[in-house]
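For reference, the structure is listed below as structure tokens.
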Amino acid sequence: MRRPLLFIAASALSLVASTLPADAREQWTKTEANRWYGGQPWLLGANYTPATAVNEIEMWQADSFDPVTIDKELAWAEQLHMNTMRVFLHNLLWEQDAAGLKQRINTFLTIAAKHKIRPVFVLFDSCWDPNPALGPQHRPIPGVHNSGWVQAPGAARLADTSQYGKLEGYVKDIVGTFARDKRILAWDVWNEPNNGGGGGGSYVETPNKKVLVAGLLDQVFTWAQVQDPTQPLTSGVWTGDNWDKPETLDAVEKIQLARSDIMTFHDYSWPETFLRRAKQIQSYGRPVICTEYMARGAGSTFDGSMPIGKKMNIGMINWGFVDGETQTRLPWDSWKKPYTYEEPTVWFHEVLRADGTPYRQAETDLIKRLATAPKGVVPADPVRP
Numbered sequence: 050m051r052r053p054l055l056f057i058a059a060s061a062l063s064l065v066a067s068t069l070p071a072d073a074r075e076q077w078t079k080t081e082a083n084r085w086y087g088g089q090p091w092l093l094g095a096n097y098t099p100a101t102a103v104n105e106i107e108m109w110q111a112d113s114f115d116p117v118t119i120d121k122e123l124a125w126a127e128q129l130h131m132n133t134m135r136v137f138l139h140n141l142l143w144e145q146d147a148a149g150l151k152q153r154i155n156t157f158l159t160i161a162a163k164h165k166i167r168p169v170f171v172l173f174d175s176c177w178d179p180n181p182a183l184g185p186q187h188r189p190i191p192g193v194h195n196s197g198w199v200q201a202p203g204a205a206r207l208a209d210t211s212q213y214g215k216l217e218g219y220v221k222d223i224v225g226t227f228a229r230d231k232r233i234l235a236w237d238v239w240n241e242p243n244n245g246g247g248g249g250g251s252y253v254e255t256p257n258k259k260v261l262v263a264g265l266l267d268q269v270f271t272w273a274q275v276q277d278p279t280q281p282l283t284s285g286v287w288t289g290d291n292w293d294k295p296e297t298l299d300a301v302e303k304i305q306l307a308r309s310d311i312m313t314f315h316d317y318s319w320p321e322t323f324l325r326r327a328k329q330i331q332s333y334g335r336p337v338i339c340t341e342y343m344a345r346g347a348g349s350t351f352d353g354s355m356p357i358g359k360k361m362n363i364g365m366i367n368w369g370f371v372d373g374e375t376q377t378r379l380p381w382d383s384w385k386k387p388y389t390y391e392e393p394t395v396w397f398h399e400v401l402r403a404d405g406t407p408y409r410q411a412e413t414d415l416i417k418r419l420a421t422a423p424k425g426v427v428p429a430d431p432v433r434p
């Protein structure tokens, strides 16, 4: 008989008690998680959408899936010694064509493996447009950051519990199909689940969203665990600054931190804040990956945060790779004041221009230098004449 799982945060208060079905694997122990992490290289990569796709639906739909661009861009990532990419899926894609989606995922994995990259797949996402729809996606709004991105499952599905069976089918089929696929690094079950949405007020916030998400997130972890994946499960915390104090966490964060096999977090702030948050999340005694960082205009930079992650053996996955349809070179404030007449003084996200050349050569030099150094070692800057 499976024992009830009692989760402890930071060796302090119990956060969540959950009883798993008899056929579900339990959360990895800290020993199991750290053994897995010890077998990985220092994890380095980006959140990836091909430059030709405005969002995750366009990336994966049959009519717009673009393996030629994916192959070209992942070759550029390989040249930078990146070994992972964080890639978003969507439940509506599975409902539209489950077999086709899985075939395209397999194609993506074949391309990624060719370039020595193992992705982290994201199953759900609480950010941006709450009304996703299949079919042709609207083109980018001129001058606006990430103007076509859509939430999963979206407001209507989140509020309609009668549709949860489809969400369960999606999670179980996708995770189950690839549960033992060594080409996959990890499963991020829900991106920023307690995020209101974003868009600078452009979208109506989903009523009662955090309560609904808290009720569903625990089930999503269970659905994934039932498939007994050999890859770790996670969901990253992103807001607040007291992750090592259980009494300050909201209901969603408690589930995230209690049920993740490995810990993940986001940070788009100055290096001092990154360091403080990194120490908080490491207090749980599990491996840590920063799955979103690097927003130059907000103070989060490669040279500020990445060396800290390297020294602390924290995997580092920045937002954005190649400038394209998502337009995330533009800052968040573009939702209120679009950059239609001139480019921002500094690119917000992205590593490479559309032709594959670096936005800043010094950044890509740093990425390669840290990627090739031993774990935990930050090499000194090269001597300059």
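Read in order, the letters of the sequence shown are residues 50 to 434 in our numbering. Every residue gets a Cβ at the ideal spot worked out from N, C-alpha and C, and that includes glycine.
If you compare the alpha carbons of Pro202, Arg74, Asp174 and Pro185 with that of alanine 228, the shortest gap goes to Arg74. Within the same chain, no residue comes within 7 Å of proline 256 by CB-CB distance, once the 5 residues on both sides are set aside. With respect to the 8 Å criterion, phenylalanine 351 and isoleucine 416 are classified as neighbours on the basis of their beta carbons.
Lysine 294 and leucine 266 have their alpha carbons spaced roughly 21 Å apart. Taking the CA atoms as reference points, methionine 312 sits about 13 Å from tryptophan 239.
The three-state secondary structure of leucine 298, taken from DSSP, is coil.
Note on tyrosine 219: 16 or more other CB atoms within 10 angstroms of its CB, so buried under the neighbour-count rule. Annotated as distal: alanine 204 and histidine 164, with beta-carbon spacing of 8 Å or more. In this structure the stretch 229 to 236 does not touch the stretch 404 to 421; the number of beta carbon pairs closer than 8 Å is below three. Counting the other Cβ atoms within 10 Å of the Cβ of histidine 194 gives 16 or more, which makes it buried. Distance from the CA atom of histidine 398 to the CA atom of isoleucine 106, rounded to whole angstroms, is 21 Å. In terms of Cβ geometry, isoleucine 160 and aspartate 120 form a close pair [threshold 8 Å]. Ranked by Cα distance from lysine 215, the options Phe314, Lys79, Gln274 and His139 are led by His139. Between aspartate 310 and threonine 283, the C-beta gap is smaller than 8 Å, which places the two residues in contact.
By the beta-carbon neighbour count (other beta carbons within 10 angstroms, threshold 16), glutamine 410 is exposed. Across the set Ala82, Trp91, Pro380 and Pro320, the C-alpha of Pro320 shows the shortest separation from the C-alpha of glycine 348.
Of Gly289, Asp414, Trp384 and Asn104, the smallest CA-CA separation from leucine 183 is found for Asn104. According to the DSSP assignment, threonine 98 belongs to no beta strand (DSSP E), since it is labelled neither H nor E.
A distance below 7 Å between beta-carbons, with the five flanking residues on each side excluded, links proline 179 to the following residues of its chain, in chain order: Gln200, Gly203, Ala204, Gly246, Tyr252 and Thr255. With contacts defined as CB atoms closer than 8 Å, asparagine 244 and cysteine 176 qualify as a contacting pair. Taken atom to atom, the span from the alpha-carbon of proline 168 to that of glutamate 391 is near 35 Å. Between the alpha carbons of proline 116 and tyrosine 97 lies a distance of about 13 Å. Taken through DSSP and simplified to helix, strand or coil, glycine 149 comes out as helix. From the listed residues Val400, Pro380 and Gly289, the smallest Cα separation to asparagine 367 is found for Val400. Shown here for serine 196: same chain residues with a beta carbon closer than 7 Å to its own, the five before and five after excluded, namely Pro189, Ile190 and Gln376 in chain order.
Taking 8 Å as the cut-off, the beta carbon of glycine 285 is found closer than this to the beta carbon of aspartate 237. Contact check for leucine 158 against glutamine 110 fails: the beta carbons are separated by 8 Å or more.
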